[in-house]
Amino acid sequence: MLKVILGSTRDNTNNPRAPTALSLLLAKDSKGCTPLHYMSYSRQCPFSSLKHVMDYCKPTSHFNEDRTSVRVDPTLCTDEDGETPLHWALDGYMSSRRIKELTRYSLDAIMVNNHKNKTPFDQFVTNFVDTDWTIHDVCGREVWENIQSYLRVIRDNYRDIQHTHHGKRQGNFDPDIWMPLHFIAGSPYDFPPIFTDLALNYCKADLQKFDSNGMLPLHLACGRKIMSSIHHQQHQLQQNKSCKDAVSMKILKKFPRGSLKVVKKTKRLALHLAVEMKMPMPLIAALIKTNPKSLNIPDPVTKLWPYVLASVDNDKSLSVSYALLRADPSVLQLAKRVEQRSDNLTGPIMADDSEYDNHSLRRTVRRLTIRDTL
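In terms of this note's numbering, the sequence shown has 102 at position 118, counting the first letter as 1, and numbering is strictly consecutive.
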């Protein structure tokens, strides 16, 4: 029946009087639900039917009467509770292949908050609030396996979408090696904190493993770019989350020595990545406390000292630069000496261990008093 209905639309008959498939899929009932909402939640709906409907759900753009561009995406339609079809699917604990279909063309629905400020994956987590997954190992492993199946399809779709839009594979995700902790750490999308907790619990060994790009989970977490959410208010909500819940802070606490390791390809430290990405000051302070010397090491890529790198392309980050200088004002003298020494040299400007040895331990003590709040 579904194929008959969609087959009789204007898309397939070219009849100008017939409705378009998109208009049928965007039609809402009294509760604001579209057909895709019900198909996403119902286990009685065959997977083949959902797959067939998704063939008509590719996002499109058109101009309004005022000539402003409007993007239409059936997977982003919300009901009266502000929930997308993906909310319904994850709330119903649907299979990973259905989630893959719902995010086939766009992953934007992952970032949509309902009226209770819950994303689709937050909705999924509420089904298990009564279980401490990290203590009850049997239940925890089962849930972790299910979560991984979802994360895999998100990774695959993200890779395919980037390939479609940019003509090449993008991101730090190796298609042949599955490292869930690395994926969570480097993903442009925020996942519920319990995802990170489970990954750290069951994938502890991965904390010290480099991916195909020579990066540890800490490097990925400190250098990740957060995808802008659908609404600016949602983006602000994500940005204002406590740093204690940040992926990078959790990883650093589990593996502090990660701050001493450099990215194999670029030789950058986690501090360089965090400063460049304008990460919160508590994270930067924690990185310096675990690796005091990093404050005096120029970034191998930009050749800038951390306190200078913090101010690049963002006037608001000057406060971070000042905080770094307050932690160790002598870095200015060190930078000047290294610059003078390099006047007759052709290589990159770097400070060696002898420069650090010339500074007394008191600099380390001062550095450890860096302010966590500005």
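By construction, the Cβ of each residue, glycine as well, lies at the ideal position given by its N, Cα and C atoms.
- Ser24 places its beta carbon less than 9 Å from that of Leu70.
- In this structure, DSSP gives Arg88 a state outside helix and strand, which the three-state scheme calls coil.
- In this structure, the alpha-carbon of Glu67 lies about 24 Å from that of Thr180.
- In the three-state reduction of the DSSP assignment, Val56 falls in the strand class, which pools E and B.
- Residue environment: Ile161 is assigned as exposed (fewer than 16 neighbouring CB atoms within 10 Å of its CB, all protein chains considered).
- Counted as a single uninterrupted DSSP element, the stretch harbouring Phe239 is not any beta strand (DSSP E), since DSSP gives it neither H nor E.
- Spatial neighbours of Lys248 in its own chain (CB-CB distance under 7 Å, excluding positions within 5 residues in sequence) are listed in chain order as Phe194 and Gly198.
- Shown here, His46 sits in a strand according to DSSP, grouped into three states.
- Residue state for Trp128 is assigned as helix, using DSSP reduced to three classes.
- DSSP, read as helix, strand or coil, puts Ser232 in helix.
- Annotation for Arg(-6): the continuous alpha helix (DSSP H) segment containing it runs Arg(-6) to Thr(-3).
- With a contact defined as Cβ atoms closer than 8 Å, Ala5 and Leu(-10) qualify at about 5 Å.
- Rounded to the nearest whole angstrom, the C-alpha separation of Lys(-13) and His36 is 8 Å.
- When DSSP states are grouped into helix, strand and coil, Pro264 belongs to the coil group.
- Counted as a single uninterrupted DSSP element, the alpha helix (DSSP H) harbouring Cys206 occupies residues Pro201 to Gly207.
- Annotation for Asn185: the continuous alpha helix (DSSP H) segment containing it runs Pro177 to Tyr186.
- With respect to Ile138, Ile94 sits close: the two C-beta atoms are nearer than 9 Å.
- Under the three-state reduction of DSSP, Ala93 is assigned to helix.
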